[in-house]
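Working notes for the structure below.
Numbering (our numbering), first residue to last: 8 to 159.
What follows is the structure in structure tokens.
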């Protein structure tokens, strides 16, 4: 079952799901590239960013920072498990997208090889024509006239 930030927090119905990122950051200013301190509100806002493909990279850095600084403990482990599950969901989506692109590349490669083979076949036919013309005169027209015409 796929989880998303609307399920936040797992197993806790007392939390209002209407909290959004702007509420969690209300009245606070973060310097560029700073990581907010862990709190339930920040974790809830982070869950929404992890669930959004446009903000996932930034959110992932915050989660890594929280994990590296030891913010995860026994009392909030369920919250971190949920955040990590959101990351795993993104990984699965990215793997599916990668697989689609690889299949598309295979189709394009086959198409290019087919077109290249067709062009090569046509060029071989044209080479045969010129080889025949080079060795013989074609009716009343001499080789020189044909070659001069072809070079134009």
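Ideal Cβ positions, reconstructed from N, Cα and C, are used throughout, including at glycine.
In whole angstroms, what separates the C-alpha of residue i from that of residue j?
| i | j | result |
| --- | --- | --- |
| residue 118 | residue 132 | 21 Å |
| residue 121 | residue 112 | 14 Å |
| residue 44 | residue 54 | 15 Å |
| residue 2 | residue 99 | The requested residue 2 does not occur in the structure, where the chain is confined to residues 8 to 159. |
| residue 108 | residue 115 | 10 Å |
| residue 134 | residue 106 | 42 Å |
| residue 74 | residue 60 | 21 Å |
| residue 110 | residue 104 | 10 Å |
| residue 81 | residue 52 | 21 Å |
| residue 138 | residue 130 | 12 Å |
| residue 6 | residue 142 | Residue coverage of the chain in this structure runs from 8 to 159, which leaves residue 6 outside it and unanswerable. |
CB-CB under 8 Å to residue i, same chain, minus the five flanking residues each way: which ones, in chain order?
| i | result |
| --- | --- |
| residue 57 | 12, 63, 66, 67, 70, 90, 93, 94, 97 |
Identify which residue in the options has its Cα closest to the Cα of residue i.
| i | options | result |
| --- | --- | --- |
| residue 50 | 100, 84, 109 | 84 |
| residue 42 | 82, 78, 122, 60 | 78 |
| residue 47 | 129, 110, 138, 86 | 86 |
In three-state terms, what does DSSP make of residue i?
| i | result |
| --- | --- |
| residue 124 | helix |
| residue 60 | coil |
| residue 45 | coil |
| residue 143 | coil |
| residue 79 | coil |
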